[in-house]
Amino acid sequence: MIELSPLARPYAKAIFSAALDAGNHEIVAKDLALLSVLSQTQEVSRLIEDPELSKDKIAQTIIGLADGEVDKLANKMLELLADNKRLNLIEAINTSYQELLEQHNNTSSIVVNVANLPSEDNKNMIIEKLLSEHGEGSNIEFSEDPSIMGGLSIKIGDETLDLSIRGKVKKLVNQLNF
1 MIELSPLARP YAKAIFSAAL DAGNHEIVAK DLALLSVLSQ TQEVSRLIED
51 PELSKDKIAQ TIIGLADGEV DKLANKMLEL LADNKRLNLI EAINTSYQEL
101 LEQHNNTSSI VVNVANLPSE DNKNMIIEKL LSEHGEGSNI EFSEDPSIMG
151 GLSIKIGDET LDLSIRGKVK KLVNQLNF
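Take the sequence shown: its position 116, counting from 1, is numbered 116 in full-length UniProt numbering, and each next residue is one higher.
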């Protein structure tokens, strides 16, 4: 499968810039999230991939499905994507836009993987440390993953800090096999 991020990034930057100028970057973020969810449904993904339908008709159908909940800026983006035959980029544009919004707001989406959910005291200590490092508005989510055996793994954007037992064992195995 082709990586869509490089294709989506210019569209995301353009709509983000336009949304900042209009002062509605948070609204556009919600609109793109809605359009992304819509584009992932089986019916809409079939529409997007159907070579017999005109791209403008597909864009108007998606706008109709959003039922007036999408701002005019997001509608214009859909029409532009239809003109350029890039409606398959909606989900990737949403992801890139959310990253741009996080950078603009100096926040991060952080996922903390743990073998067992920590006590409230430990959880609050982890949250406090992450918020002080990555911005008070950061979104922190805890996820239970027994396969890491112990410790924790922290994913911030596209970077991962692996402090798990599984990660340390893999590192040791790699060093022994070198």
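Every residue gets a Cβ at the ideal spot worked out from N, C-alpha and C, and that includes glycine.
Handout entry: Cβ contact (3+ pairs, closer than 8 Å) linking the segment 43 to 63 and the segment 10 to 28
Key = no
Practice task
Measure how close the beta-carbons of Ser108 and Gly68 come, nearest whole angstrom, since I'm counting them as under 8 Å.
Solution key: Within the sequence shown, residue 108 is the residue found at index 108, counting from 1. Within the sequence shown, residue 68 is the residue found at index 68, counting from 1. So it is not a contact: roughly 32 Å between Cβ atoms.
Problem - Completely contained alpha helix (DSSP H) runs for the segment 42 to 78, where each covers 4 or more residues - result: 42 to 49, 55 to 66
Exercise for the section: State the beta-bridge partners of Lys162 as determined by DSSP. Expected result: Taking the sequence shown and counting its residues from 1, one reaches residue 162 at position 162. Note that residue 162 is Asp in the sequence shown here, rather than Lys. According to DSSP, which records beta bridges pairwise, Asp162 is partnered with Ser153.
Practice task
Starting from Asn88, follow the beta strand (DSSP E) in both directions and report where the run begins and ends.
Solution key: The residue given as residue 88 occupies position 88 in the sequence shown. Careful: Asn88 lies outside any beta strand (DSSP E) and carries neither H nor E.
Handout entry: For Ser109, the three-state DSSP class (helix, strand or coil)
Key = Position 109 of the sequence shown, counted from the start, is the residue given in the question as residue 109. Note: Ser109 maps to strand in three-state DSSP.
Practice task
Along the alpha helix (DSSP H) that carries Phe16, what are the first and last residues, could you check?
Solution key: Counted from its first residue, the sequence shown places residue 16 at position 16. Per DSSP, Phe16 belongs to the alpha helix (DSSP H) from 5 to 22.
Practice task
Compute every distance between the C-beta of Asn94 and the non-hydrogen atoms of the ligand FAD, then say whether any falls below 8 Å.
Solution key: No copy of the ligand FAD occurs in the structure displayed, which carries no ligand at all.
Practice task
Could you tell me how far apart the beta carbons of Val111 and Leu152 are, in whole angstroms, since I believe they sit closer than 8 Å?
Solution key: Sequence index remark: in the sequence shown, residue 111 carries index 111 (1-based). Sequence index remark: in the sequence shown, residue 152 carries index 152 (1-based). Not confirmed; about 10 Å, so no contact.
Problem - Separation of Ile48 from Glu144, as counted between CA atoms - result: Along the sequence shown, one-based indexing puts residue 144 at 144. Along the sequence shown, one-based indexing puts residue 48 at 48. Cα to Cα, the separation comes out at about 35 Å.
Problem - Outcome for Ala74 when other beta-carbon atoms lying within 10 angstroms are tallied against a minimum of 16 - result: Against the sequence shown, residue 74 aligns to sequence position 74. So Ala74 ends up on the buried side.
Practice task
State the start and end residues of the unbroken beta strand (DSSP E) segment that holds Ile140.
Solution key: As a position in the sequence shown, residue 140 is number 140, starting the count at 1. Looking at the DSSP string, the run of the beta strand (DSSP E) that includes Ile140 is 139 to 144.
Problem - Separation of Gly150 from Lys170, as counted between CA atoms - result: Taking the first residue of the sequence shown as position 1, residue 170 is located at position 170. Taking the first residue of the sequence shown as position 1, residue 150 is located at position 150. Distance between the alpha carbons of Lys170 and Gly150: 14 Å.
Practice task
Identify which residue in Lys72, Leu131, Leu100, Glu136 has its Cα closest to the Cα of Ala22.
Solution key: Numbered from its first residue, the sequence shown carries residue 22 at position 22. Nearest of Lys72, Leu131, Leu100, Glu136 to Ala22, Cα basis: Lys72.
Problem - Exposed unless 16 or more other CB atoms sit within 10 angstroms - verdict on Asp83 - result: Along the sequence shown, one-based indexing puts residue 83 at 83. Burial call: exposed.
Handout entry: Check whether Ala8 and Leu35 have beta carbons under 9 Å apart
Key = Along the sequence shown, one-based indexing puts residue 8 at 8. Along the sequence shown, one-based indexing puts residue 35 at 35. Cβ distance not < 9 Å, so Ala8 and Leu35 don't count as in contact.
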